[in-house]
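**Student:** Chains as they are written, first to last, in full-length UniProt numbering: chain S, 1 to 131; chain R, 1 to 290; chain Z, 1 to 612; chain C, 1 to 121.
Once you've had a glance at the structure underneath, I'll fire off some questions.
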Amino acid sequence: MSQSYNRGLVEDFGRWKEFSAGMWAWIFHKFTGWMLIGYLFTHIAVLSSALSGPEAYTNTLQGLEALFIVRVLEVGLLAVAVFHILNGLRLLMVDLGVGLEAQDKSFYASLVLTAIITVASVPTFMTEVTI
Amino acid sequence: MSTQQQQPETQEAPEDPEMKGAESPVDEKEKEDGMIDQTAADASELEGKTVLIKVFRYDPEVEGKQEPRFDDFHVPFEKGMTVLDAVMYARDTYDSSLTFRHSCRQAVCGSDAFFVNGKQRLGCKTQIADLEHPVRIEPLPHQEVVKDLVVDMDHFYDQMHTVEPYFQDEDTPNPADLEEQRQSPENREKIKMSSRCIWCGACMSSCNIAAGDNNYLGPAAINKAYKFAMDDREGEAIKEHRLRILEQEHGVWRCQTQFSCTEVCPKDIPLTEHIQELKREAVKKNLKFW
Amino acid sequence: MYEHDVIVVGAGGAGLRAAVAADEAGADVALVSKLHPVRSHTGAAEGGINAALQEGDDWELHAYDTMKGSDYLGDAPAVETLAQDAPEDTMRLEHWGMPFSREEDGRVSQRPFGGLSYPRTTYAGAETGHHLLHTMYEQVVKRGIQVYDEWYVMDLATTDEDDPNDRECHGVVAYDVQSGQIEGFKANQGVVLATGGPGQAFDHTTNAVSCTGDGHAMAYRAGAPLEDMEFIQFHPTSLPSTGVLISEGVRGEGGILYNSEGERFMFEHGYANNSGELASRDVVARAELTEVQEGRGVNDEYVHLDMRHLGEERILDRLENILHLAEDFEGVDGLVEPMPVKPGQHYAMGGIEVDENGQTCIDGLYAAGECACVSVHGGNRLGGNALPELIVFGKRAGRHAAGDDLGEPQIKTGYGDDVEDETETELPVQPGSAGLESSGGVAADGGVAADAEGILQRKVETARERVDRLMDKDDGVQHAEIRAKLQQAMTDYVNVFRTEEGVKKALRLIRECREEYQDVYVDDPSRTFNTDLQQTIETRNLIDVAETIALGALVRNEFRGAHWRQENQNRDDENWLKHTLVSWDDGAPSIFYRPVILEGESKTYEPKERSY
Amino acid sequence: MAERYSSFTPGGTGWLLQRITAAFLVVVLAFHFFLLHFVNHAAEIEFAGTQARMQNVGYFLTMVSFLIAGTFHGVNGVYNALLNQGLEGTQKKVVLAVLVIASLGLIGQGIYVATTMAGWT
Ligand SMILES: Cc1cc2nc3c(=O)[nH]c(=O)nc-3n(C[C@H](O)[C@H](O)[C@H](O)COP(=O)(O)OP(=O)(O)OC[C@H]3O[C@@H](n4cnc5c(N)ncnc54)[C@H](O)[C@@H]3O)c2cc1C
Ligand code: HEM
Ligand code: SF4
Ligand code: F3S
Ligand code: FES
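Take a look at the structure:
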């Protein structure tokens, strides 16, 4: 059919309300994966300050750590990493064909666990920082 | 319109098809008058009432339908009524141009997969009473719409054909000798679910990856290949050949285990499981040569 | 215009098998089907394929069972061919990878079926037809056979000699459902019709919406007679709203039928004092209908099939799929309430008259599958005998059309010396053509001899004009109204119960439908996927086919197989060991009879009492 | 339509490596987080500490393989995600090239930094 109305891709995300567990898991995993690789590049860039000598390195790191916003971002990073790890484990199970029937439950479990771990880690991350 | 609908029992069909685009939004008054509203109702609660279905309309040729729209139809409810029954009623009573594929009415021909209330379902296998109201009926997403609820299935068929969906025998006996190839009941059981596919396309339509990558074989085709690859009658050499097709770039690896295919399949085929098993088989096969 | 050696119309089990056979015989084949092949109704068959495969079984037993089941209206050469070829053709399906159910030792399983003296029904789970259809389609894909799917065949391109026996078929006219474009398909060697059953002539049927008897009607109007059309099998337990089949297994396990008064009517009203619910299909169907007609039906429509007393465990164990069917298609939970059931049209034993090679009296026109009547089923089809018919006679028709020599057929076709004219029965109305829309199926070329291409071209023109006329007309009647009336008439009067008065009423109503059809119009103005147009054309075919069913039912004044007549509730071998044939004859149907062939290869089948 | 028998690169290798690196990353990442956020608080990191750790060959090698595995896993993941959106032909080749260069750059830089930290330059 040459003449036909193609509803196209626009609708895919417009239909987010209709997504099921597996689709959300996929989107979150993708999102967290991209964040992590983005962070890896940033991380190496930050660590590269070591090339300019020990003081530069220490100053850069401690300077960053003194910033409240960096601490918040770190907590965010932890959340992202934890979810990616937990869901990654879920995916590895799925790849091995284990527990496929419970795939939606394991996704919800990853979310809940991520939340718990993130909250629990806040005190550790927020020590010695002033707003 | 709404004045007519004060008495739902004796509801008249709007005669003029042109009008239906215009009467789209249901106003509050109708709801009070015994129309079914949002929640899924018990079948007994629906008895004697009408259900509102909102059907996607589009026709590239007909003026006024070139811009997609939703038409409302009020269909008298009967116990046992399926989504397919409802659209058939709407077509036969209100608007004969309402177009959709259907044939067997018993979930074997796979013609009537629609997007019903945001999920791919077979019209004939979905009870109206199990749905939230009003019921929104659209063509399958991710396929081009030909007209109303009819989508172009060519791409789906192409993908199915790509996996060489036919038995490839190495050396079968002469049929005249009435000698069959042996197959253990266990092996037959293994391929049982995969062999139930009715080519409805629901799975393919639900898969985000298939939507993004037109070359992705898709769950149905991979499942078809599974049926042959796991059948002991074909033999190892052919199984390897099949895996070679499946492990192409746009084969099994594209699957991101979203599970939506498995969720929508009206034949309850464990599609994700089959795809994952083939991934492992393919890896195993490749490891052998290392 | 498209051109192929062999054109197969319809892609169900029979059409696919014919196409593969013709391809193997070296012809260039094309399949033209209004549905994509895998959507065909063969996919709905559940039970199995009868074939004498095992040691201890024998094709002769199969032939004997079939003949007995047919109530001695099957033609022996056809019945024997079926029984002889079924094993090899079933094996071929196995070799093509069909997933048959298996025994412990790896062999295909077979199970017992009604009317069979040996458990020879080969099956693939509860979805044998689905697997057969898909396996056959796979072979078509493998061979790269051209498939024109969603092309609706409207007409045949036959020459118009006075005597149908002299006519030739050169192709078909079809329209592409997606685009509305009408084209000719030239067949250099033959056209095989495999369009399936005519179940939609009835209001309530286990057949698909696509089973509209198109092939019947096209062949009929082209001059090939329709044979034994009055023999329609009704299944006693189908779900009222959809016609989905509830298998006999429920009654086999002990399910009970109740009327609205809660009576176990099979016993309490004396329909079958010995076997009750397990009496044969026709007996149960008639009992149910009597209950409804006498006011003891639930909602005046159906009866209840109750299996609750079997207990949840047993139901889940043996009848689980029934629970799903009732739930999905009727919204009923079989564990807590009885299931509504009523008789539904199930199978047409009759069809286009053909010989063992699948050929009609028209040269180059073949038919196979449910639309054909080689006459293996006679008055009543045994369960599991339709699927082997598809593969055995589908293959033969395909091969013969492709030019393979299959020997001289013993069955004769068309009007000839061996037939007997109908003279006695008085018709209530003049059947057949009602004018405009009903003009015949043969190209009236006014005596100008035309070549194949010319004939096809002219038929294409006629078809285009017909479609234009239907589309251009702005008001009138819509097909749905006519179809509903026709189906109602058939269900009311030509159902399991047939009385002379009733059938005559039906014929009058069919006539009315024909007349209303003169005023039919297509409301949908679009050429794209116009199902309104397609159904309007189908409705015309249904009218023609329904009329032949009613005509057959009127003239055959006896009770044989599935055909029951109130006026004469006995089998009458004296007068009725013959096939009913109805031929269109340019719009004025005529009825004649051809004797049954009971002489087989080595023995003659003597009619016996059909009791099990 | 997926072309039959197209250049069949066994796509399985990437898939398998993605999983193997993932399994590896779970362990090292957990170790990394634990060491640098819970044992040693990030805010207290000083060059000296880092250097002390890096001079341990086992730790150094672990970090380098962590980097390589992480980079492969992340970049391969990104590449796959793009392929899933139907990336084809030249576009695909360009993306692959960019990603490979970026990862090599990252790994090179990372190793260079690590050796500097260890003071082995
Ligand atoms: C519910 C059910 C259960 C059954 N169970 C059994 C069983 O267990 N065992 C058994 O032996 N038999 C069984 N039968 C009977 C058997 O399934 C059918 O008789 C048989 O499948 C018919 O096959 P066919 O190829 O003739 O037609 P179909 O499979 O109906 O195919 C008809 C084809 O013709 C095409 N067509 C029709 N009209 C046109 C047109 N105008 N133009 C182009 N194409 C057209 C259609 O698209 C379709 O492809 C059962 C039937 C039903 C309904
Ligand atoms: C620590 C344990 C980790 C586990 C168990 C893990 C697991 C996985 C798995 C299984 C996938 C593949 C998903 C799929 O193909 O279906 C994946 C994708 C990905 N991972 Fe990880 N991962 C981990 C760490 C990381 C790290 C450290 C990074 C960043 C450098 C990262 C970045 C990515 C990216 C970018 C993707 C692709 C996401 C997408 O599909 O768009 N992951 N991960
Ligand atoms: S796998 Fe299931 S959803 Fe997909 S086409 Fe087959 S039957 Fe439909
Ligand atoms: S939805 Fe798509 S991603 Fe895989 S599990 Fe199913 S094919
Ligand atoms: S109509 Fe055949 S699957 Fe629904």
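Where is the CB? At the ideal position from N, CA and C, for every residue including glycine.
Give the residues of chain Z in contact with R:Val62, contact being defined as C-beta atoms less than 9 Å apart.
**Tutor:** Walking along the second sequence from the start, residue 62 of chain R turns up at place 62. Near R:Val62 (Cβ distances below 9 Å), the residues of chain Z are Asp524, Pro525, Ser526, Thr528.
**Student:** In the DSSP assignment, find the alpha helix (DSSP H) that holds S:Trp26 and state where it starts and stops.
**Tutor:** In the first sequence, residue 26 of chain S corresponds to position 26, counting from 1. S:Trp26 -> alpha helix (DSSP H) spans 21-47.
**Student:** Please report the straight-line C-alpha distance between R:Asp85 and C:Leu99, rounded to a whole angstrom.
**Tutor:** Position 85 of the second sequence, counting from 1, holds the residue named residue 85 of chain R. Position 99 of the fourth sequence, counting from 1, holds the residue named residue 99 of chain C. Distance between the alpha carbons of R:Asp85 and C:Leu99: 53 Å.
**Student:** Taking only beta-carbon atoms, is R:Lys224 less than 8 Å away from chain C?
**Tutor:** Taking the first residue of the second sequence as 1, we reach residue 224 of chain R at position 224. Chain C contact via Cβ: absent.
**Student:** Taking only beta carbons into account, state which residues of the segment 166-190 of chain R come closer than 7 Å to chain Z, listed in chain order.
**Tutor:** Within the segment 166-190 of chain R, the residues whose Cβ lies closer than 7 Å to some Cβ of chain Z are Tyr166, Phe167, Asp169, Thr172, Pro175, Ala176, Leu178, Glu180, Gln181, Arg182, Gln183, Ser184, Pro185, Arg188, listed in chain order.
**Student:** Exposed or buried, which one is C:Gln85 when buried takes at least 16 other CB atoms within 10 Å?
**Tutor:** Position 85 of the fourth sequence, counting from 1, holds the residue named residue 85 of chain C. So C:Gln85 ends up on the exposed side.
**Student:** Of all Cβ atoms in chain C, is any one closer than 8 Å to the Cβ of R:Gly212?
**Tutor:** Here residue 212 of chain R corresponds to residue number 212 of the second sequence, with the count starting at 1. With 8 Å as the cut-off, R:Gly212 counts as an interface residue toward chain C.
**Student:** Checking the sheet assignment: what are the DSSP bridge partners for R:Glu138?
**Tutor:** For this step, residue 138 of chain R is matched to residue 138 along the second sequence. DSSP lists R:Phe115 as partners of R:Glu138.
**Student:** Do S:Gly99 and S:Ser106 count as a contact pair if the criterion is CB distance below 8 Å?
**Tutor:** Residue numbering aside, residue 106 of chain S sits at position 106 when the first sequence is read from its first letter. Residue numbering aside, residue 99 of chain S sits at position 99 when the first sequence is read from its first letter. Yes; because the gap between Cβ atoms is below 8 Å, this pair is in contact.
**Student:** Are the segment 112-126 of chain Z and the segment 137-144 of chain Z touching by the rule of at least three beta carbon pairs closer than 8 Å?
**Tutor:** These segments do not touch.
**Student:** Using a Cβ-Cβ cut-off of less than 9 Å, give me the residues of the segment 328-362 of chain Z that come near chain R, in sequence order.
**Tutor:** Residues Asp328, Phe329, Glu330, Gly331, Val332, Pro340.
**Student:** Can you give the Cα-Cα distance for Z:Asp58 and R:Arg101, rounded to whole angstroms?
**Tutor:** As a first step, residue 58 of chain Z must be located in the third sequence, where it is residue number 58. As a first step, residue 101 of chain R must be located in the second sequence, where it is residue number 101. Answer to the nearest angstrom: the Cα atoms are 44 Å apart.
**Student:** According to the Cβ coordinates, are R:Gly123 and R:Phe115 closer than 8 Å?
**Tutor:** Counting from one through the second sequence, the residue named residue 123 of chain R turns up at place 123. Counting from one through the second sequence, the residue named residue 115 of chain R turns up at place 115. No. Outside cutoff.
**Student:** 8 Å is my cut-off, CB to CB: does R:Ser260 come that close to chain S?
**Tutor:** Reading the second sequence from its first residue, position 260 is the one you call residue 260 of chain R. Judged by the 8 Å Cβ criterion, R:Ser260 is in contact with chain S.
**Student:** Between the beta-carbon of Z:Ser179 and the beta-carbon of Z:Thr539, is there less than 8 Å?
**Tutor:** Locating residue 179 of chain Z in the third sequence gives position 179, counting from the first residue. Locating residue 539 of chain Z in the third sequence gives position 539, counting from the first residue. No, the pair does not count as a contact, with Cβ atoms beyond the cut-off.
**Student:** Distance, Cα to Cα, Z:Leu239 vs Z:Gly344?
**Tutor:** Within the third sequence, numbered from 1, the residue matching residue 239 of chain Z stands at position 239. Within the third sequence, numbered from 1, the residue matching residue 344 of chain Z stands at position 344. Cα to Cα, the separation comes out at about 8 Å.
**Student:** Measure from the C-beta of R:Glu263 to each C-beta in chain S and report whether the shortest distance is under 8 Å.
**Tutor:** What you label residue 263 of chain R is simply residue 263 of the second sequence in a count that begins at 1. By this cut-off, R:Glu263 is an interface position.
**Student:** Taking 6 Å as the limit between beta carbons, can you name the residues of its chain near Z:Glu3, skipping five residues before and five after?
**Tutor:** As a first step, residue 3 of chain Z must be located in the third sequence, where it is residue number 3. Cβ within range, chain order: Lys186.
**Student:** Which same chain residues end up closer than 8 Å to Z:Asn570 when comparing Cβ atoms and leaving out the 5 residues on each side of it in sequence?
**Tutor:** As a position in the third sequence, residue 570 of chain Z is number 570, starting the count at 1. Counting only Cβ-Cβ distances below 8 Å, and skipping sequence neighbours, we find Glu558, Phe559.
**Student:** Hey, would you say the C-beta of R:Thr162 is under 7 Å away from at least one heavy atom of ligand 4?
**Tutor:** Residue 162 of chain R sits at position 162 when you count from the first residue of the second sequence. No - ligand 4 has no heavy atom lying nearer than 7 Å to the Cβ of R:Thr162.
**Student:** Contact criterion: CB-CB distance below 8 Å. Does R:Ala282 meet it with respect to chain C?
**Tutor:** Here residue 282 of chain R is taken as the residue at index 282 of the second sequence, counted from 1. Yes, because at least one Cβ of chain C sits closer than 8 Å to the Cβ of R:Ala282.
**Student:** Could you give the distance in angstroms between the alpha-carbon of S:Gln62 and the alpha-carbon of C:Ala52?
**Tutor:** The sequence position of residue 62 of chain S within the first sequence is 62, counting from 1. The sequence position of residue 52 of chain C within the fourth sequence is 52, counting from 1. Rounded to the nearest angstrom, the two C-alpha atoms are 18 Å apart.
**Student:** Is it true that the CB of Z:Ile597 sits closer than 8 Å to the CB of Z:Gln229?
**Tutor:** Your numbering for residue 229 of chain Z matches position 229 in the third sequence. Your numbering for residue 597 of chain Z matches position 597 in the third sequence. Before going on, a small fix: residue 229 of chain Z reads as Met here, not Gln. Contact flag unset, no.
**Student:** So does residue 614 of chain Z have its beta carbon nearer than 7 Å to some heavy atom of ligand 3?
**Tutor:** Summary: the structure shown does not reach residue 614 of chain Z, with chain Z confined to residues 1 through 612, and so no result is reported for it.
**Student:** Could you tell me whether the Cβ atoms of Z:Gly199 and Z:Leu456 are closer together than 8 Å?
**Tutor:** Residue mapping note: residue 199 of chain Z aligns to position 199 of the third sequence, counting from 1. Residue mapping note: residue 456 of chain Z aligns to position 456 of the third sequence, counting from 1. In this structure, Z:Leu456 does not lie closer than 8 Å to Z:Gly199 by Cβ.
**Student:** I'd like the span of the alpha helix (DSSP H) that includes Z:Lys142, first residue to last.
**Tutor:** Taking the first residue of the third sequence as 1, we reach residue 142 of chain Z at position 142. Per DSSP, Z:Lys142 belongs to the alpha helix (DSSP H) from 128-143.
**Student:** Is any beta-carbon of chain S found at less than 8 Å from that of R:Pro134?
**Tutor:** If you number the second sequence from 1, residue 134 of chain R lands on position 134. So no, R:Pro134 is outside the interface.
**Student:** Would C:Met117 pass as an interface residue toward chain S - the criterion being a Cβ-Cβ separation below 8 Å?
**Tutor:** What you label residue 117 of chain C is simply residue 117 of the fourth sequence in a count that begins at 1. Yes, because at least one Cβ of chain S sits closer than 8 Å to the Cβ of C:Met117.
**Student:** Which residue's Cα is closest to the Cα of Z:Gly97: Z:Glu127, Z:Gln430, Z:His134, Z:Pro119?
**Tutor:** Position 97 of the third sequence, counted from the start, is the residue given in the question as residue 97 of chain Z. Looking at the Cα atoms, Z:His134 is the closest of the given residues.
**Student:** Output the distance between the C-alpha atoms of R:Leu217 and R:Gln181, rounded to the nearest integer angstrom.
**Tutor:** As a first step, residue 217 of chain R must be located in the second sequence, where it is residue number 217. As a first step, residue 181 of chain R must be located in the second sequence, where it is residue number 181. Going from the Cα of R:Leu217 to the Cα of R:Gln181 covers about 30 Å.
**Student:** Please state whether DSSP places R:Met153 in a helix, a strand or coil.
**Tutor:** For the purposes of this step, residue 153 of chain R is taken as residue 153 along the second sequence, with counting starting at 1. R:Met153: coil per DSSP, three-state reduction.
**Student:** Label Z:Ile411 either buried or exposed according to how many other C-beta atoms from any shown protein chain fall within 10 Å of its C-beta, with 16 as the threshold for buried.
**Tutor:** Here residue 411 of chain Z refers to the residue found at position 411 of the third sequence. It is buried - the Cβ of Z:Ile411 has at least 16 other Cβ atoms within 10 Å.
**Student:** May I ask you to list, following chain order, the residues of the segment 98-117 of chain R that have a beta carbon less than 9 Å from some beta carbon of chain Z?
**Tutor:** The segment 98-117 of chain R vs chain Z, Cβ under 9 Å: Leu98, Thr99, Phe100, Arg101, His102, Ser103, Cys104, Arg105, Gln106, Ala107, Val108, Cys109, Gly110, Ser111.
**Student:** With a cut-off of 8 Å, does the C-beta of R:Ala129 fall near any C-beta of chain Z?
**Tutor:** The count along the second sequence starts at 1 and reaches residue 129 of chain R at position 129. Cβ-Cβ to chain Z under 8 Å: yes for R:Ala129.
**Student:** Less than 8 Å between the beta carbons of C:Val113 and S:Leu47, yes or no?
**Tutor:** Taking the fourth sequence and counting its residues from 1, one reaches residue 113 of chain C at position 113. Taking the first sequence and counting its residues from 1, one reaches residue 47 of chain S at position 47. Yes, they are a contact pair.
**Student:** Could you tell me whether any non-hydrogen atom of ligand 3 is closer than 7 Å to the CB of R:Pro266?
**Tutor:** Working through the second sequence from its first residue, we reach residue 266 of chain R at position 266. Yes, the Cβ of R:Pro266 comes within 7 Å of a heavy atom of ligand 3.
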